[in-house]
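The block underneath contains the structure these notes are about, expressed in structure tokens.
In the working numbering, the protein residues as written are 3 to 186.
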């Protein structure tokens, strides 16, 4: 199935569209094939897959891991919808300190790639929202960090006020106080 890679204004942040075959039975979609994706110009290697289920209004993030345990994330909504955000923490990047946002929804056959050096998070826009993501690094608890999702300095206009937020995420540091060690 064809794969299309689209660049964004944020260096390294990509949308990847996958094909989908529909007939009277429903649909079939090959969501990932390393060989086909390589041919399309996407060369990341993945070592961990994650799946989350969230009720409407759930905020997850903004999470990242310090180097040498940084991890890129390839994110897709497989049920429901999310407003997905990445904050560029790469010193020297032309988009450092800015956020990238996109709505990902069930059936759009679209992945969002956020490379290592981005804090990542989302708010679930519907009940029973499932997000699937492939990670380029392993979970390393000692390197886990987070940014406060509602930090005014980030200027993120969440389309839905988060109603379910973990204590860890609610108490995460502001951007000005956060620890990060990424370079562009």
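Glycine residues also receive a C-beta, built at the ideal position from the N, C-alpha and C atoms. Quick caveat, the model's predicted, so the values are computed rather than measured.
query = Is residue 126 helix, strand or coil by DSSP?
reply = Strand.
inquiry  = In this structure, how does DSSP classify residue 37 when only helix, strand and coil are distinguished?
reply    = Secondary structure of residue 37 (DSSP, three-state): helix.
key: Beta-carbon proximity of residue 118 to residue 72, cut-off 8 Å   = Yes, the pair counts as a contact, with Cβ atoms nearer than the cut-off.
task = Can you give me the Cβ contacts of residue 103 inside the same chain, cut-off strictly under 6 Å, excluding the 5 residues immediately before and after it?
result = Contacts found: 87.
inquiry  = Quick check on DSSP: helix, strand or coil for residue 144?
reply    = Here residue 144 sits in helix by DSSP.
ask   = In terms of residues, what are the limits of the alpha helix (DSSP H) holding residue 83?
value = Segment 83-90 is the beta strand (DSSP E) holding residue 83; no alpha helix (DSSP H) there.
task = Leaving aside the five residues before and after residue 29 along the sequence, list all residues of the same chain whose C-beta is less than 8 Å from its C-beta, in chain order.
result = Correct list, in chain order: 22, 23.
task = Kindly identify the DSSP beta-bridge partner or partners of residue 104.
result = Answer is 86, bridged to residue 104.
inquiry  = Any contact between the region 174-184 and the region 147-155? By contact I mean 3 or more CB pairs, one from each, below 8 Å.
reply    = Cβ pair count under 8 Å is three or more, so yes.
key: Those residues which DSSP pairs with residue 51 across a bridge   = Answer by DSSP bridge pairing, in chain order: 136.
key: C-beta contact flag for residue 69 and residue 184 at 8 Å   = Yes, the Cβ-Cβ distance between residue 69 and residue 184 is below 8 Å.
key: Same chain, Cβ closer than 8 Å to residue 163, neighbours up to 5 away in sequence not counted   = So the list reads 59, once near-sequence residues are dropped.
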